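Q: Protein sequences appear in the order of chains A, B and C.
Read in order, the letters of the first sequence are residues 1 to 77 in this note's numbering.
Read in order, the letters of the second sequence are residues 1 to 148 in this note's numbering.
Read in order, the letters of the third sequence are residues 1 to 148 in this note's numbering.
By construction, the Cβ of each residue, glycine as well, lies at the ideal position given by its N, Cα and C atoms.
The structure presented is a predicted model; accordingly, all values stated were derived computationally and were not measured.
Please see the structure below; I have some questions.
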Amino acid sequence: IGEIQRFLRDDGSVKVSRSLKEAGNKIRKKKDELTKKYGRSPTINEIADNLGLSREEIVHAEEAAKTPQSIHETVFE
Amino acid sequence: MKNEMYLEIMSISENESFARVAVGAFISQLDPTMEELTEIKTVVSEAVTNSVIHGYQNEPSHKIAITCILHEEEIELIIADKGIGIENINEARQPLYTSKPELERSGMGFTIIENFMDSVEVVSSKEKGTTMHMKKILTSKKSKVAYK
Amino acid sequence: MKNEMYLEIMSISENESFARVAVGAFISQLDPTMEELTEIKTVVSEAVTNSVIHGYQNEPSHKIAITCILHEEEIELIIADKGIGIENINEARQPLYTSKPELERSGMGFTIIENFMDSVEVVSSKEKGTTMHMKKILTSKKSKVAYK
Ligand SMILES: Nc1ncnc2c1ncn2[C@@H]1O[C@H](COP(=O)(O)OP(=O)(O)O)[C@@H](O)[C@H]1O
Ligand SMILES: Nc1ncnc2c1ncn2[C@@H]1O[C@H](COP(=O)(O)OP(=O)(O)O)[C@@H](O)[C@H]1O
Ligand SMILES: [Mg+2]
Ligand SMILES: [Mg+2]
Numbered sequence: 001i002g003e004i005q006r007f008l009r010d011d012g013s014v015k016v017s018r019s020l021k022e023a024g025n026k027i028r029k030k031k032d033e034l035t036k037k038y039g040r041s042p043t044i045n046e047i048a049d050n051l052g053l054s055r056e057e058i059v060h061a062e063e064a065a066k067t068p069q070s071i072h073e074t075v076f077e
Numbered sequence: 001m002k003n004e005m006y007l008e009i010m011s012i013s014e015n016e017s018f019a020r021v022a023v024g025a026f027i028s029q030l031d032p033t034m035e036e037l038t039e040i041k042t043v044v045s046e047a048v049t050n051s052v053i054h055g056y057q058n059e060p061s062h063k064i065a066i067t068c069i070l071h072e073e074e075i076e077l078i079i080a081d082k083g084i085g086i087e088n089i090n091e092a093r094q095p096l097y098t099s100k101p102e103l104e105r106s107g108m109g110f111t112i113i114e115n116f117m118d119s120v121e122v123v124s125s126k127e128k129g130t131t132m133h134m135k136k137i138l139t140s141k142k143s144k145v146a147y148k
Numbered sequence: 001m002k003n004e005m006y007l008e009i010m011s012i013s014e015n016e017s018f019a020r021v022a023v024g025a026f027i028s029q030l031d032p033t034m035e036e037l038t039e040i041k042t043v044v045s046e047a048v049t050n051s052v053i054h055g056y057q058n059e060p061s062h063k064i065a066i067t068c069i070l071h072e073e074e075i076e077l078i079i080a081d082k083g084i085g086i087e088n089i090n091e092a093r094q095p096l097y098t099s100k101p102e103l104e105r106s107g108m109g110f111t112i113i114e115n116f117m118d119s120v121e122v123v124s125s126k127e128k129g130t131t132m133h134m135k136k137i138l139t140s141k142k143s144k145v146a147y148k
């Protein structure tokens, strides 16, 4: 399965819902980490710079991580 | 830099999430904190949901207009529908007041919006629709400016 | 489900990134593959950049209109400006043709757009502006339908 997943990721055929959800989880971790480090809520640029994503992409991924986008996902993952 | 966007979406609940991303991505240009971002997105959710379920009574083919203007350290957000309107705005803004008691989180939408925004004006008339005109000052921006 | 959105942005290059994500977030409702998402976002970048630098000659206060319509397995995308327009569309669409040879990636915008979309119509007239009407079939969506 690892092989297949890597293949899917490499050829870009992985679904947006899954990929954004992974990014969303990274964002949540980074947010917690930086909140502890700075003692305040980090700004979006601070998160974006840390993760190498654009600030707009951060917003999209963060949202995707909280909404189940398809029945398939809620059932099978 | 001043920047402005105008967005029209259809009155279906799927678009609540899209509207959150659109407004959130736009205001990200001002580099808000993640907390401020969450607050603005929550306000978008509450206002869009009100337009969908109250303004348009869950009819899917109507339009909701969202305007967002970025000032130096202030966000202006206007969310408007052409739905049934609000007869008594003062009553509607009361905490816990709802015309649909069967819904979850009933009656707290306006209160949440007022709590997260620095100013909230509601213009509404029966059968013409409702416009919410809101402003939020980014305090993170303020203190950042003060640092320099 | 059919869904549609209309977005107006100002002609500043900061908005390219916003437009990419706005359209990307909207089409995410169809749950495309990452590859399809990246392709659409690239198309948005190329078209918006063309409106900013060619249509409006980098003047910041003009508007670019983006309409996106979701069909079952097809995305319709319309990006329009009211800028200077294109005199000779056939020439402009040629690979490597550019009226601004000093820019990077010069002359490949139309070619990239045509490569990523299933149909591209350009309507343009001098001093009236340019409208790009594009369609993309989501093959990921298609194969899913075929499975059933
Ligand atoms: N856009 C709107 N169009 C019509 N009525 C609205 C609109 N927004 C709010 N209202 C009215 O105001 C009331 C209070 O709204 P809110 O505080 O969000 O609570 P809730 O949505 O839970 O009812 C609603 O129950 C409804 O009667
Ligand atoms: N929106 C537009 N308004 C006016 N002219 C445009 C527009 N889009 C494209 N063009 C013309 O078409 C040419 C080719 O565009 P493109 O293939 O994107 O290459 P490039 O942007 O690198 O010049 C441009 O150089 C310009 O002359
Ligand atoms: Mg409400
Ligand atoms: Mg170009």
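On the criterion of 16 or more Cβ atoms from any shown chain inside 10 Å, does R20 of chain B qualify as buried, or is it exposed?
A: It is buried - the Cβ of R20 of chain B has at least 16 other Cβ atoms within 10 Å.
Q: Determine the chain F residues that contact A22 of chain B at a beta-carbon separation under 9 Å, and present them in chain order.
A: In summary, chain F is missing from the structure at hand, where the protein chains are A, B and C.
Q: Residues of the region 46-63 of chain A in Cβ contact with chain B at a cutoff of 9 Å, in chain order, please.
A: Result list: E46, I47, A48, S54, R55, E56, E57, I58, V59, H60, E62, E63.
Q: From the DSSP output, read off the bridge partner residues of L7 of chain C.
A: Its beta-bridge partners are B:L7, C:I66.
Q: Is N58 of chain B a contact residue of ligand 4, with contact defined as CB to any heavy atom under 7 Å?
A: Not under cutoff, so the answer is no.
Q: Ignoring anything shorter than 3 residues, give me the beta strand (DSSP E) runs that lie fully in the region 79-122 of chain B, in order along the chain.
A: You should have found no qualifying run.
Q: Using CA coordinates, which residue listed in C:K100, C:T130, C:F18, C:K135 is at the minimum distance from I113 of chain C?
A: Residue C:K135 is the option with its Cα nearest to I113 of chain C.
Q: Tell me where the beta strand (DSSP E) around K66 of chain A begins and ends.
A: Element bounds for K66 of chain A: not the beta strand (DSSP E) but the alpha helix (DSSP H), 55-66.
Q: By DSSP's criteria, K136 of chain C is part of a beta bridge. Which residues make up the other side?
A: Paired residues: C:I75.
Q: According to DSSP, what are the bridge partners of S125 of chain C?
A: According to DSSP, S125 of chain C bridges with C:G129.
Q: Given this structure, state the Cα-to-Cα distance separating E74 of chain B from I12 of chain C, to the nearest angstrom.
A: Roughly 19 Å between the two C-alpha positions.
Q: When the distance is taken between beta carbons, is S17 of chain A closer than 8 Å to D31 of chain C?
A: Yes, the Cβ-Cβ distance between D31 of chain C and S17 of chain A is below 8 Å.
Q: Apply the 10 Å Cβ neighbour rule to K29 of chain A and answer buried if 16 or more other Cβ atoms are within range, or exposed otherwise.
A: Exposed.
Q: DSSP three-state label for V145 of chain B, please.
A: Reliability fails at V145 of chain B, whose pLDDT of 49 lies under 50, so the model's placement of it is uncertain and the value that follows must be treated cautiously. In the structure shown, V145 of chain B sits in a helix (DSSP, three-state: H, G or I).
Q: Only counting the same chain, and skipping five residues up and downstream in sequence, which positions put a Cβ closer than 7 Å to that of T111 of chain C?
A: Counting only Cβ-Cβ distances below 7 Å, and skipping sequence neighbours, we find P95.
Q: So, at 7 Å on beta carbons, what are the nonlocal neighbours of G85 of chain B in its own chain, with the 5 sequence-adjacent residues on each side left out?
A: Around G85 of chain B: S124, S125, K126, E127, K128, G129, T130.
Q: Can you determine whether any heavy atom of ligand 3 sits closer than 7 Å to the C-beta of T49 of chain B, and answer yes or no?
A: Correct: T49 of chain B has its Cβ closer than 7 Å to ligand 3.
Q: Measuring CA to CA, which of C:A25, C:N50, C:N88 is closest to H9 of chain B?
A: Residue 9 of chain B is actually Ile in this sequence, not His. Selected option, being the one with the closest Cα: C:A25.
Q: Per DSSP, which one or two residues make a beta bridge with T42 of chain B?
A: Bridge partners of T42 of chain B: none, in fact.
Q: Since N58 of chain B is in the alpha helix (DSSP H), which residue starts that stretch and which ends it?
A: N58 of chain B -> no alpha helix (DSSP H), and no H or E assigned at all.
Q: Let's test the definition: count the other Cβ atoms within 10 Å of the Cβ of N115 of chain C and tell me whether it reaches 16, buried, or not, exposed.
A: N115 of chain C comes out exposed.
Q: Cβ of E8 of chain C versus every heavy atom of ligand 4: is any distance shorter than 7 Å?
A: Checking every heavy atom of ligand 4 against the Cβ of E8 of chain C, none is found closer than 7 Å.
Q: Span of the alpha helix (DSSP H) holding I27 of chain B?
A: Counting along the chain, the alpha helix (DSSP H) containing I27 of chain B begins and ends at 14-27.
Q: Under the three-state reduction of DSSP, which class applies to K2 of chain B: helix, strand or coil?
A: DSSP places K2 of chain B in coil when its eight states are reduced to three.
Q: Taking the C-alpha atoms as reference points, what is the distance between K2 of chain B and E72 of chain B?
A: Cα to Cα, the separation comes out at about 7 Å.
Q: Taking the straight line between their C-alpha atoms, what separation do you get for H62 of chain C and K36 of chain A?
A: Going by the C-alpha atoms only, they are around 43 Å apart.
Q: Measure from the C-beta of E155 of chain B to each C-beta in chain C and report whether the shortest distance is under 8 Å.
A: Within the shown structure, residues of chain B are numbered from 1 to 148, placing residue 155 of chain B beyond reach of any answer.
Q: Does the beta-carbon of G55 of chain B, which I'm using as the reference point, lie nearer than 7 Å to any heavy atom of ligand 3?
A: Answer for G55 of chain B: no, Cβ out of range of ligand 3.
Q: Is the beta carbon of L37 of chain B less than 8 Å from the beta carbon of I27 of chain A?
A: Not in contact: L37 of chain B and I27 of chain A (Cβ atoms no closer than 8 Å).
Q: Does chain B have any CB closer than 8 Å to the CB of K37 of chain A?
A: Chain B, which has no Cβ nearer than 8 Å to the Cβ of K37 of chain A, makes this no.
Q: Tell me the rounded alpha-carbon separation between V52 of chain B and E4 of chain C.
A: Computed Cα separation, rounded: 15 Å.
Q: Going by C-alpha distance, which of C:E121, C:E102, C:P60, C:C68 is nearest N90 of chain C?
A: Checking every option, the nearest Cα to that of N90 of chain C belongs to C:E121.
Q: If contacts are defined as beta-carbon pairs under 8 Å, then D81 of chain B and G55 of chain B qualify, I think. What distance do you get, rounded to the angstrom?
A: At roughly 4 Å, the Cβ-Cβ gap stays under 8 Å, so D81 of chain B and G55 of chain B are in contact.
Q: How about E16 of chain C and S45 of chain C: do their beta carbons lie closer than 8 Å?
A: Yes, they are a contact pair.
Q: For chain C, check one thing: does any of its Cβ atoms lie closer than 8 Å to the Cβ of G81 of chain A?
A: Residue 81 of chain A is absent from the model: chain A starts at 1 and stops at 77.
Q: Within the present structure, is the beta-carbon of M108 of chain C separated from the nearest heavy atom of ligand 2 by less than 7 Å?
A: Yes, the beta carbon of M108 of chain C sits closer than 7 Å to at least one heavy atom of ligand 2.
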